[in-house]
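Structure record follows, encoded as C-alpha cells.
Numbering (this note's numbering), first residue to last: -17 to 148.
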C-alpha cells in the first residue's frame, strides 16, 4: 500500500496514558487528516495494564476527536505503517536523553521502511517531567497523580494499585 503523508501514527506503550501523551496526541491530530494511536502490545515489556485496557482508556479519553483511531498492535510499528498506508510516525521527546534514543530508533525504522518519515514533537513545557514509570511508582505509594493523568487513569490506577497491594 502506498503511504499517505496526510496519515500519521503515534506509537507507544501508554502504560498508563499521561497528560503529556494526550497533549502530543491532540497536537498531532491537528496536523493530519487521520492519526492512528498505536498501543504497543509488547510481551517483553512489564506493563501494569494490558494492551486492551490501555487501548480502552485512550479510546475513552480521545473519544471527541473524529480523526483519531486507537489500535493495539503486536509487532513492528513500521509494519503497521506499511499495512495501513501511513507515511508519518510521530515520536514525542521530553529531553536530550529522549532524543538520542528516539533518533537511533528512527534510523533503524527508516532502514526497515524507507518511505516512513519520522517526526519528533517536543513535549509542552508543563508536561516536561511526566514519565509513566514515575507515575506508576507514585501511585503505588498512594501519591496524588491527578495533576499528571486524565481522571479515568486516576480511577483505573487506583483500582489496579489496590489489586497489586492485596
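Backbone N, C-alpha and C define an ideal beta-carbon position, used for all residues, glycine too.
Beta-carbon contacts of residue i that lie in its chain and below 7 Å, excluding the five residues immediately before and after
i           : result
residue 9   : 103
residue 11  : 17, 47, 49 and 50
residue 135 : -2, -1 and 39
residue 43  : -1, 4, 132 and 134
DSSP three-state assignment for residue i, whether helix, strand or coil
i          : result
residue 64 : helix
residue 28 : coil
residue 38 : helix
residue 45 : coil
Contacting residues, own chain, Cβ-Cβ under 8 Å from residue i (five flanking each side not counted)
i          : result
residue 63 : -15, -9, 69, 71, 95 and 98
Buried versus exposed, by CB contacts within 10 Å (16 or more), residue i
i           : result
residue 118 : buried
residue 55  : buried
residue 129 : exposed
residue 33  : buried
Residues that DSSP places opposite residue i in a beta bridge
i          : result
residue 16 : -11
residue 21 : -6 and 54
Own chain partners of residue i with C-beta closer than 6 Å, once the 5 adjacent residues on each side are dropped
i          : result
residue 37 : 21, 52 and 54
residue 88 : 100
Practice task
Identify every run of the beta strand (DSSP E) within the region 61 to 144, keeping only runs that are complete inside it and at least 3 residues long; order them along the chain.
Solution key: For the region 61 to 144, the continuous beta strand (DSSP E) assignments of 3+ residues that do not extend past its boundaries occur at 68 to 75 and 99 to 104, in sequence order.
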